[in-house]
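For reference, each letter of the sequence shown is one residue, going 1350 to 1629 in my numbering.
Idealized CB from N, CA, C, for every residue including glycine.
Notes to accompany the following structure.
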Amino acid sequence: MNDAALTPLISLRGVGKSFKDGQLLALQGISFDVRPGEFVSLVGPSGCGKTTILRLINGLIAPDEGEVLVKGHPPVPNLDLAMVFQSARLLPWRTVAGNIDFVLSLRGLPRPERIDRVLALLGAVGLRDFADAYPHELSGGMQQRVGLARALSVEPEVLLMDEPFAALDAMTRETLRTELLRMWSRRRMAVVFVTHDIDEAILLSQRIILLRPRPGRIEEIVPVDLPEPRWQHDPRGQPAFADLRAHLWSSIRAMARDGATLEELARAFPDPDGPGLADR
Ligand SMILES: Nc1ncnc2c1ncn2[C@@H]1O[C@H](COP(=O)(O)OP(=O)(O)OP(=O)(O)O)[C@@H](O)[C@H]1O
Ligand SMILES: [Mg+2]
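This is the structure:
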């Protein structure tokens, strides 16, 4: 690995953030780096500040304490970063192609180049035949695919994803995870991915940042050393996968013992196969 690959692309140093005139301390002492091309997941109970961390990284809000740097500078909204949310947030009055084209036109790309890029992206997410459809004509999974294509259209160095698959059914979620892994191995943008699903975090990421709530702090950073590309070698049957899973659940149970209520944690980690929190 060369030096450029080791220099952090995103860097949070002692970041604190509060809301409601300082009455609500949302984040405290958050420090971590994301290297170029790295896939990092943020995992933790509701309210621990995951979305707030993404908003700090893309410059929508500024920290009260510490610093957030993207490529060595405080982030400028929408520069080199793209965001994908739980729902696709497409413009309902524009077609599928029009939604992506709109983002590219904002960047000043000439029209012929835009058309080529839109069609290539729709091909990559399996929606080329739906270029002229309107968002309401698509399923939730298809809309989320358009959202992903739109985010990738600007060739971001950083993709921020806030529970992008949480509202989808299990099978669609599985397909989209595979597509995301495939695109990531091809394009190697850095990804910061928020999820409540422990298995999803292990399956996708190279590192998992486990957060605890009130105030949001880092509980543990867990490296995920599983073979890649994982869309070709599904690691879920491997002992290393089971070990990581057991380790993360034991940290979560320790958090429960430390104060967060069982109900909160059960809601936050609704993994049907996960060890029952009530059994701790
Ligand atoms: N703009 C805001 N104004 C006031 N409070 C806020 C604001 N944004 C976030 N908060 C508070 O900060 C804390 C962290 O919120 P955040 O949305 O980052 O949590 P989260 O980990 O993303 O939760 P979830 O898993 O439910 O999405 C919460 O207590 C939330 O109420
Ligand atoms: Mg959130």
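Proximity below 8 Å, CB of residue i to CB of residue j
i        : j        : result
Ile-1551 : Val-1573 : yes
Tyr-1483 : Thr-1444 : yes
Ser-1360 : Leu-1553 : no
Leu-1501 : Met-1520 : no
Gly-1378 : Pro-1412 : no
Leu-1517 : Val-1495 : no
Pro-1562 : Gly-1393 : yes
Ile-1567 : Arg-1556 : no
Gln-1493 : Leu-1525 : yes
Val-1543 : Thr-1400 : yes
Leu-1487 : Phe-1479 : yes
Pro-1513 : Phe-1388 : no
Asp-1548 : Arg-1594 : yes
Met-1491 : Gly-1386 : no
Val-1474 : Leu-1439 : no
Beta-bridge partners of residue i, as assigned by DSSP
i        : result
Arg-1536 : None, per the DSSP bridge assignment.
Thr-1544 : Val-1392
Asp-1511 : Val-1543
Ile-1449 : According to DSSP, Ile-1449 bridges with nothing at all.
Arg-1362 : Glu-1416
Leu-1559 : Val-1392, Glu-1569
Phe-1368 : Leu-1373
Neighbourhood of residue i by C-beta distance below 6 Å, restricted to the same chain and skipping five residues each side
i        : result
Pro-1584 : Leu-1575, Phe-1590
Val-1467 : Ala-1446, Ile-1449, Asp-1450
Leu-1403 : Leu-1509, Asp-1511
Thr-1356 : none
Pro-1578 : Ser-1534
Gly-1408 : Pro-1424, Val-1425, Pro-1426
Arg-1536 : none
Arg-1522 : Phe-1514
Leu-1597 : Ile-1547
Pro-1588 : none
Limits of the unbroken beta strand (DSSP E) element including residue i
i        : result
Gln-1377 : 1373-1383
Gly-1421 : Premise fails: Gly-1421 is in no beta strand (DSSP E) and is neither H nor E.
Val-1433 : 1430-1433
Start-to-end residues for the alpha helix (DSSP H) that takes in residue i
i        : result
Val-1495 : 1489-1502
Ile-1410 : Looking at the DSSP string, Ile-1410 is not in any alpha helix (DSSP H), and its letter there is neither H nor E.
Pro-1588 : 1588-1606
Ala-1341 : Residue 1341 is absent from the model: the chain starts at 1350 and stops at 1629.
Pro-1461 : 1460-1473
Close Cβ partners of residue i (< 8 Å) along its chain, the five nearest in sequence each way excluded
i        : result
His-1485 : Pro-1441
Phe-1368 : Ala-1375
Asp-1429 : Val-1419, Lys-1420, Pro-1505, Glu-1506, Val-1507
Val-1452 : Arg-1499, Ser-1502, Val-1503
Gly-1398 : Lys-1366, Ala-1375, Leu-1376, Ile-1379, Leu-1560, Pro-1562, Pro-1564, Gly-1565
Ile-1410 : Lys-1366, Thr-1401, Arg-1404
Thr-1481 : Note that residue 1481 corresponds to Asp in the displayed sequence, not to Thr. For Asp-1481, where only same-chain residues beyond five positions count, the Cβ hits under 8 Å are Thr-1444, Val-1445, Ala-1446.
Leu-1458 : Arg-1466
Gly-1472 : none
Ile-1406 : Ile-1359, Leu-1361, Val-1417, Val-1419, Pro-1424, Leu-1430, Val-1507, Leu-1509, Val-1541
Asp-1607 : Arg-1561
Leu-1373 : Ser-1367
7 Å Cβ shell around residue i - same chain, five flanking residues per side excluded
i        : result
Arg-1362 : Ser-1380, Gly-1415, Glu-1416
Gly-1489 : Ala-1516, Leu-1517
Ser-1454 : Arg-1463
Ala-1437 : Gln-1492, Gln-1493, Val-1495, Gly-1496
His-1582 : Pro-1576
Asp-1382 : Pro-1357, Ile-1359, Ser-1360
Ser-1600 : Leu-1559, Glu-1568, Glu-1569
Residue-chain proximity (residue i, chain B), Cβ-Cβ < 8 Å
i        : result
Trp-1580 : No chain B is part of this structure, which consists of one protein chain only.
Residue i CB to nearest heavy atom of ligand 3 below 7 Å
i        : result
Phe-1434 : Inclusion of ligand 3 in the displayed structure is not the case, the ligand content consisting of ligand 1 and ligand 2 alone.
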